[in-house]
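A.B. asks: Chains as they are written, first to last, in our numbering: chain G, 855 to 1010; chain D, 1300 to 1621; chain E, 1261 to 1661. From the three backbone atoms N, C-alpha and C, an ideal C-beta is built for every residue, glycine too. Attaching a single structure in C-alpha cells format; questions to follow.
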Amino acid sequence: MNAEAIVQKISSDIKDKIQEVSLAAPLRINVKVDREKLLAVLQYLKEQFGFTHLATISGVDLGESFEVIYHLASHLATVNVRILTPRSAPTIPSTVSIIPGAILYERELQDMFGLVVQNIPNPRPLLLADDWPAGEYPLRKDWHFNRPAEKIPGGK
Amino acid sequence: MAILKPILYILVYPGLLFLLLYSTFCEWFDRKLYARMQNRIGPLHTGRSGILQPIADIVKLCAKEDIVPEKADKRMFSALPVFALAIVCTAALYLPVWHYGSASSFNSFPGDLIVVAYLLTLPTLIFFLAGWHSTNFFSTIGGVRVLTMLFGYEIPLLLALLSPAVLAGSWRILEIATFFQKQPLLLLVNLIGFFVALVALQAKLERVPFDIPHAETEIVGGQFTEYSGKKLAFFRLLGDIEMVVGSGLIAAVFLGGFPGGLLPGLAWFIVKTLFVIFLLAAMRAATSRIRIDQMINFSWRWLAPLAVLQLFIVIIIKGMVS
Amino acid sequence: MEFKVSLGPQHPALHEPISLRMTLDGEIIRDADLKLGYNHRGIEKLAESRTFIQNLYLTERICGICSFSHQTCFTQGVEKLMELVPAKRGLYIRTLVCELERVHSHLLWLGVAGQEAGFESFFMYTWRDREVVMDILDTISGNRVHYSMNTFGGVRRDIDEIQRKHILDSLDLLRTRTEYYLNLAATEPTFVGRLSGVGKLSKEQAIALCAVGPTLRASGVPMDVRKDDPYAVYDEIPFEVCTADSCDVLGRAVVRVKELMQSYNIIEFLLKNLPAGPIKVKAPRKVKENEVFSRYEAPRGENVHYIKSNGSDKPERLKVRAPTLANYPATIAMLKDGFIADIPLIFAAIDPCICCAERLVQLDHPRSGESKVLTFSQLRQMANQRYKNKQFKKKETLWPF
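Right, here's the structure in full:
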C-alpha cells in the first residue's frame, strides 16, 4: 500500500472525523482533525494501517492558538496528524492509552508550551529545572530570555 | 643478637620497610603488565619507567583533604584503615622468607597457616564495617556485597590451602614448604588446588572479574566511596600489601616456598610472588566483571567442588605414598 | 527493605548528567523514574533567532558523537523547503560521512559496553581501533568531532584519489578487527554472562513504547529509516537491515556489530561508485513559507527534525527529537525488576546521548526515604559556608612532606 492509497482510504473511511487530508510530499501525509476527535483518528490509523510508532509530537505557537502535530511513522509513510488548541484554554487529550510511548513527548509539551494534557498518568515536570518559576513556558513566542547580569566573585 | 633478629624481622625484612617498598613495586609491576596486555603503556614518568608511580600516588593522596561524613561514626571511620593495614602487615610476618630451621619461634609454629588465613579474612570484615559506618547508600551496598562475596570464596580458599597441608602432614607453612622442596614432583598433585586458590585470591583482592563490591560504574566506589585523603591511601596500600601476602602464601604452600636462607630466599620470594601476580594480572585482563549472584553461583558450583575433589586426590595419593 | 535512591546527576557510569530515581528492594529495582534537563541548552529556542546557515552549525552542536546526524537531518529538511536538488557527488560524500560516523559511534558503544560491564581490556582495544575511523574523518573533513561537511545543496569539501585509497586500505583493518570482536563478544564467558538475558524488552513492548534504532531492531522489528524512507543515496545502495531476536543487551551488541559490517560494505560501495561532477549547487538565502518533517537513521536510531519556515531567512520553529529521548520509556520498562549491577549496562545499551535528548542536585536520605531538593545556588552557598567556617590549621594547608 502506497501513500496515495492511504490518503484515498482515509478520506473515504473517516471523512466525518477529519477536516482535511492531503499528500504534502512523497511519503508525507497531512491530516487535520478537531482536537475532540484526535483519539478516534489515532485509533483508526493504528488499527487500519499499523501506525504504532509515534516519532514525536511537535508544538508550534501560532499566536492565537497552538498547533500540535503528532508525527506517526511506519514503513508505509509518515502521517502528520495536526490539531489546534486555543491559547485561552490550551488543553489536549492524552494519547498514552493508545500509544504508551507518547508519555515523554506529552510531558515535554507541558513544560515547554504550558499545554494541559488531560488524563496524563505522570504530569511531573520533565525537562525544566526544579526551581523553574511557574507559568513561564520557554518555547512560547512571547517568552524571551533575559540573561541576568553576570557577577564575578571578587570582582568590582 | 637473639632479640635483634626478631626486631629486624618485624621492622626491616620481611616486615614493614620491605613490605612497603615491595608492595608498591608489585603494584607497579601489576599495572605495567595489565597495561601491556591492554595495548597501553602504563605508568611512565615517575622514576625509571614509572616505577615510583605507586609511591607518588600514595604521597599525593596523603596531601589531599581528608573528609569525614557528618553522619558517619567518626572514631570507627578513622580507626578502620589503620586496623586493616596493621592486620595485613602482621600476616606478612608469617611468610617463611628467612626461616629459623625447624625450631618454633614467634613467627613460625604449628598451625600458622590457619593464623595467616584468619588474618587475611579480617580486612574483608573491616571493608564491610568501613562501608557500613560511612552511612552512604553506595558504601552500604558495597559493604553488603563484600560480605556476600566472602561466603563465596572463603571456603574454597581454605579447602584449597588444606590439601597441601594434608599431603605434607603439617599445619606449619615452613614444614609444608620444606616437604615440597624435598619432593618437588608432588607439587603437581596440587595443580587443581593451586588454580582454585588463585581464583579465590583474586576474589579476596576484589579485582576484575570480582571487583563487585567497588564496581565504579554501578555503585561509585563501593565501601570506599566516602573515604578520601590519607585514609584512602591506607586502604590503597592495604590492597597492595594484601596482594603481596596472598601471593606469598600461595607461593609458599603451592610452589615450594623460598629455600636457601637470606639472599637466595629473597630471590625466590620475588620470582615466585611475581609469577603469581602475573597470573592474577592475566586473569584480570582477560575477563569482565560478573554479577554478585553469578559470582556466588560460580564459587559453589565450580570452586568448592573442585577444592573438595583436590582434597580427595590428595588423600588417595597420601595413602599410596606412605 | 525498600528504599529510594537517585543515581546521578553525577555518577561514574553516566558520562553526562541525568537523574535516575529508583525504588530498590535490596539489589533489585522495583520502580524507576527519570529526570532530564540537566543539560538543557535551549537550542530549539535559540534556533528561532538564527538564520538557516547559522543553524546548520548550531544543529551540529546538539551532539558530540552523532553531530553529523543532526546536521544532515536539518540540511535535508531545509533542502526540501528550498526545493533544491543537491549535487550527486555531494550526496555520495554526505552518505559516506554518515556511514563513517556510524562506524565510529558503534565502535565507541562497544567500548562503553565493555567498560560498563567491567571489561576494561575490551574498552581499550575497541577505542584504539576507533582511532582509525577518527583519522579517516580527520583527513576528509579536517575535524575529529564536528565535521561541518554539510551545506545546503551538497557538501563543503571534496575527497581526492589519495583519500579514497586511504579509506579503502583502512577498511580491511577495521573488518578483521570487527570480526575479532564479534568472536570475542560471543565466546568470552564472563562477558556473555553479563550481557545475555539482561534488560529484556519484548517485541510488543518495544513497538508500544516507540523504541528506535538498535534497541528496537534487537527486539526483532526490522525498522530502519534508510530502508523505509530512503534519503540521500540509500535507495541506490544494497544493504541489509540487521535484527536480532534475543531482546536483550547481547542482542543489541550483536545488532551493532552486524551493522558495522554492513557499514563497511556501504562505504566500499560508495567509494567504488563515486560519480564525478560538482559537490554542491547554489542555495537561496530565504526560504518560502512551508513545513517539513525530516527523518534520518542516526547510529542510535531514528532522528527527527520538524522545521517550519515563515518566508524569512530564519526558521519559525525547529523541533528536534533525538533518538535517545525515544528510547527512554523503553529503558524504564527494561530497568524494572533488574539488578543494580545491570543498571549501567541496560542504560548504556540504548547508547544514551543525554545532551542530545536535552541544573540542581537531588539528595535522598537513604534510611527514611524522605527527599529534599537543593538548587545549585543553595549548594554553592553551602560549600562557601563550609569553607568559611572551617578553621584551617596553618600546618594543614601546607604541603605535608
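Using the beta-carbon count (16 or more within 10 Å), is E/Y1556 buried or exposed?
C.D. replies: The residue in question, E/Y1556, is buried, as its Cβ has 16 or more Cβ neighbours within 10 Å.
A.B. asks: Using CA coordinates, which residue listed in D/R1347, D/I1472, D/V1575 and D/W1327 is at the minimum distance from D/I1413?
C.D. replies: The shortest C-alpha separation from D/I1413 is found at D/I1472.
A.B. asks: For G/P954, would you say it is in contact with chain E, using Cβ-to-Cβ distances shorter than 8 Å as the test?
C.D. replies: G/P954 counts as touching chain E.
A.B. asks: In angstroms with no decimal places, state the Cα-to-Cα distance between E/Q1270 and E/D1389.
C.D. replies: When rounded, the distance between both Cα atoms is 29 Å.
A.B. asks: What does DSSP give as the partner residue(s) for G/T932 in the beta ladder?
C.D. replies: Partner(s): G/R882 and G/A927.
A.B. asks: Can you confirm whether E/G1374, when its beta carbon is compared against all beta carbons of chain D, has any partner nearer than 8 Å?
C.D. replies: Yes, because at least one Cβ of chain D sits closer than 8 Å to the Cβ of E/G1374.
A.B. asks: Mind the definition here: the stretch 1325-1333 of chain E touches the stretch 1551-1565 of chain E only if three or more C-beta pairs lie below 8 Å; say whether that holds.
C.D. replies: Yes, the stretch 1325-1333 of chain E touches the stretch 1551-1565 of chain E.
A.B. asks: Given this structure, state the Cα-to-Cα distance separating E/P1454 from E/G1511, to the nearest angstrom.
C.D. replies: According to the sequence shown, residue 1454 of chain E is Arg rather than Pro. For E/R1454 and E/G1511, the distance between alpha carbons rounds to 12 Å.
A.B. asks: Sort out for me which residues DSSP pairs E/N1410 with in a bridge.
C.D. replies: Paired residues: E/V1415.
A.B. asks: Would the beta-carbon of E/G1371 fall within 8 Å of that of D/S1587?
C.D. replies: Result no, Cβ atoms of E/G1371 and D/S1587 do not sit closer than 8 Å.
A.B. asks: With DSSP as the reference, label E/N1644 as helix, strand or coil.
C.D. replies: In the structure shown, E/N1644 sits in a helix (DSSP, three-state: H, G or I).
A.B. asks: Find the nearest neighbour of G/E858 within the set G/R978, G/A878, G/W986 and G/P1007, judged by alpha-carbon distance.
C.D. replies: If we check each option's Cα against that of G/E858, G/A878 comes out closest.
A.B. asks: Closer than 8 Å, CB to CB, is E/P1589 near chain G or not?
C.D. replies: Output row for E/P1589: interface = yes.
A.B. asks: Taking 8 Å as the threshold (beta carbon to beta carbon), is E/L1341 in contact with chain G?
C.D. replies: Cβ-Cβ to chain G under 8 Å: no for E/L1341.
A.B. asks: Excluding the 5 residues preceding and the 5 following G/L969 in the sequence, name in chain order all residues of the same chain whose CB lies nearer than 8 Å to its CB.
C.D. replies: Same-chain partners within the cutoff: G913, F920, V922, T939, P944, T945, I946 and L963.
A.B. asks: Within 8 Å (strictly less), CB to CB, does E/E1630 reach chain G?
C.D. replies: Per-residue confidence for E/E1630 stands at a pLDDT of 45, beneath the threshold of 50, marking its modelled position as unreliable; no derived number is given.
A.B. asks: Pull up the distance between the alpha-carbon of D/I1614 and that of D/A1467, whole angstroms please.
C.D. replies: For D/I1614 and D/A1467, the distance between alpha carbons rounds to 11 Å.
A.B. asks: Please report the residue range of the beta strand (DSSP E) in which G/G913 lies.
C.D. replies: Run containing G/G913: H907 to D915, per the beta strand (DSSP E) assignment.
A.B. asks: Where do the N-terminal and C-terminal ends of the alpha helix (DSSP H) with D/G1451 fall, by residue?
C.D. replies: From DSSP, the alpha helix (DSSP H) with D/G1451 extends over F1436 to A1467.
A.B. asks: Any beta carbon from chain C within less than 8 Å of E/H1275's own beta carbon?
C.D. replies: The question asks about chain C, but that chain is absent: this structure's protein chains are G, D and E.
A.B. asks: Distance check for E/P1583 and E/V1514, CA to CA, integer angstroms please.
C.D. replies: Rounded to whole angstroms, E/V1514 to E/P1583 spans 19 Å at the Cα level.
A.B. asks: Do you know offhand how far G/I1006's Cα is from G/L916's?
C.D. replies: Cα to Cα, the separation comes out at about 40 Å.
A.B. asks: With DSSP collapsed to three states, give me the class of E/I1325.
C.D. replies: Of the three classes helix, strand and coil, the one that applies to E/I1325 here is coil, per DSSP.
A.B. asks: Take E/Y1494 and list the residues in its own chain whose beta-carbon comes closer than 6 Å to its own, dropping the five residues that flank it on each side.
C.D. replies: These residues qualify, in order along the chain: R1486.
A.B. asks: The beta strand (DSSP E) with G/Q972 in it runs from where to where?
C.D. replies: Segment V970 to Q972, the beta strand (DSSP E) holding G/Q972.
A.B. asks: Given a threshold of 16 other Cβ atoms within 10 Å of its Cβ, counted over all protein chains shown, does D/M1594 qualify as buried or as exposed?
C.D. replies: Label assigned to D/M1594: buried.
A.B. asks: Just the chain D side, please: which residues come within less than 7 Å of E/R1560 by C-beta, in chain order?
C.D. replies: In chain order: nothing, as chain D lies at least about 20 Å away.
A.B. asks: What are the residues that DSSP puts in a beta bridge with E/A1558?
C.D. replies: BP columns for E/A1558 point to E/G1561.
A.B. asks: Keeping to the same chain, check which residues put their C-beta closer than 8 Å to that of E/T1355; ignore five residues upstream and five downstream.
C.D. replies: So the list reads A1492, V1493, Y1494, I1497, I1526 and L1530, once near-sequence residues are dropped.
A.B. asks: What whole-angstrom Cβ distance do D/S1322 and D/V1543 have, given they're in contact under 8 Å?
C.D. replies: So it is a contact: roughly 5 Å between Cβ atoms.
A.B. asks: Could you check what DSSP says for D/D1592 in three-state terms: helix, strand or coil?
C.D. replies: Reduced to three states, the DSSP call for D/D1592 is helix.
A.B. asks: Runs of 3 residues minimum, wholly inside the stretch 1273-1348 of chain E: which ones carry the beta strand (DSSP E) assignment?
C.D. replies: Within the stretch 1273-1348 of chain E, the complete beta strand (DSSP E) runs of at least 3 residues are 1279-1285 and 1288-1295.
A.B. asks: Comparing C-alpha positions only, which one of D/S1377, D/V1358, D/I1350 and D/G1430 sits nearest to D/I1366?
C.D. replies: Taking only the C-alpha atoms, the option nearest D/I1366 is D/S1377.
A.B. asks: If the cut is a Cβ gap below 9 Å, which residues of chain D does E/Y1298 touch?
C.D. replies: Ordered by position in chain D, no residue passes the 9 Å Cβ test against E/Y1298, which lies about 18 Å from the chain.
A.B. asks: In chain E, which residues lie less than 7 Å from G/Y958 when you measure between Cβ atoms?
C.D. replies: For the record, residue 958 of chain G in the displayed sequence is Leu; it is not Tyr. Those are L1585, Y1588 and P1589, listed as they occur along chain E.
A.B. asks: So, E/G1414 versus E/P1482, is the Cβ gap smaller than 8 Å?
C.D. replies: Against a cut-off of 8 Å, the Cβ pair of E/P1482 and E/G1414 comes out as no contact.
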